[in-house]
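Following: one structure in structure tokens, then a few remarks.
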Amino acid sequence: MISVKQNSNSKVNLFADTLKKKLVTKRSISALFLGVGGGLSVPAGQFTETANPSFGIMGKLDFASTGIFPFVIGGEINYYAYNSPDEFRTVNLLTGYRTKILSFGLNIDYSLSGFIRSSFTMPYLSVDVKSNTIKREFDAGREIEGLVPSESGVSVGAGFGFTMFILDFTVKYNYLKNNSYVSVTTKTKIPVIRF
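Per the numbering used here, the sequence shown starts with residue 894, numbered consecutively.
See below:
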């Protein structure tokens, strides 16, 4: 009897050893999301002297993947046109003065869903680096010390936000020499392609 048990056990072991184990490989799921929205930009620092708060528009293309999660990488474009305070126009004897900023660059979001659990929202941190084209419109033939009609500059932004279903809400401080601002934006995002 004992030899039979040993024999059957060895057959089972032999059978188990000859089985080919199928390993399940994790497949990365990726997608591109298109976002369109806008929001309020509030000038900060020196920029408050020449600009009032303004509403603007934005567009964003995000790449999200389980392979790089919790990071989401995207390209972003923003446009704001700021009117000037009455006091600035009066002091400089201007009939009109406007600052237009078009910016585009790289944005990286870091999801905090691993730290903050929520069924309805997903909080995240956000940083960006952008190239900015700045145009100033004022009376023809006038020169204002320290303010050229057009220039460019690099901005760095940092902030936080949260996603609720297909909406993103973000508050961000954007540092741009002499033109820094705080933005409060919302955008809707839809999946464009999944692969």
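All C-beta atoms in this analysis are idealised placements derived from N, C-alpha and C, irrespective of residue type, glycine included. Just so you know, these numbers come straight off a predicted model, no measurement behind them.
Can you check whether the CB of residue j is closer than 7 Å to the CB of residue i?
i        : j        : result
Asn-985  : Ile-1037 : yes
Asn-1025 : Ile-994  : yes
Ala-924  : Arg-1087 : yes
Lys-1070 : Gly-1052 : no
Phe-981  : Ile-966  : no
Thr-1081 : Phe-1062 : no
Gly-938  : Ser-1043 : no
Arg-991  : Asn-971  : no
Phe-1055 : Tyr-1003 : no
Val-1047 : Val-935  : no
So what does residue i bridge to, in DSSP terms?
i        : result
Val-1075 : Val-935 and Tyr-1066
Lys-919  : According to DSSP, which records beta bridges pairwise, Lys-919 is partnered with nothing at all.
Gly-930  : Met-951 and Lys-1080
Asp-1021 : Asn-1000 and Gly-1050
Phe-956  : Leu-925 and Ile-966
Thr-1026 : Leu-995 and Ser-1045
Asp-1061 : Thr-1056 and Lys-1080
Ile-1037 : Leu-1040
Arg-1087 : Ala-924
Thr-943  : BP columns for Thr-943 are empty, so no partner.
Thr-1014 : Met-1057
Starting from residue i, trace the beta strand (DSSP E) in both directions and tell me its first and last residue.
i       : result
Arg-982 : Here Arg-982 belongs to no beta strand (DSSP E); instead the alpha helix (DSSP H) covers 979-984.
Ile-966 : 964-976
Can you round the beta-carbon distance between residue i and residue j to whole angstroms, since I take them to be within the 8 Å contact cut?
i        : j        : result
Gly-989  : Val-1077 : Between Val-1077 and Gly-989 the Cβ distance is about 26 Å, and since that is not below 8 Å, they are no contact.
Phe-962  : Pro-1084 : In fact, because the Cβ distance is near 15 Å, the residues do not count as touching under 8 Å.
Val-1104 : Tyr-1068 : Since the first residue shown for the chain is 894 and the last is 1088, residue 1104 is missing from the structure and cannot be characterised.
Gly-1020 : Gly-998  : The residue asked about is misnamed: residue 1020 is Val in this sequence, not Gly. At roughly 11 Å, the Cβ-Cβ gap does not stay under 8 Å, so Val-1020 and Gly-998 are not in contact.
Pro-1016 : Ile-1009 : 5 Å
Asp-1032 : Leu-987  : 5 Å
Gly-930  : Met-951  : 6 Å
Is residue i near the ligand PLP, judged by its Cβ being under 6 Å from some heavy atom?
i        : result
Val-1075 : As for the ligand PLP, it is missing from this structure, which has no ligand bound.
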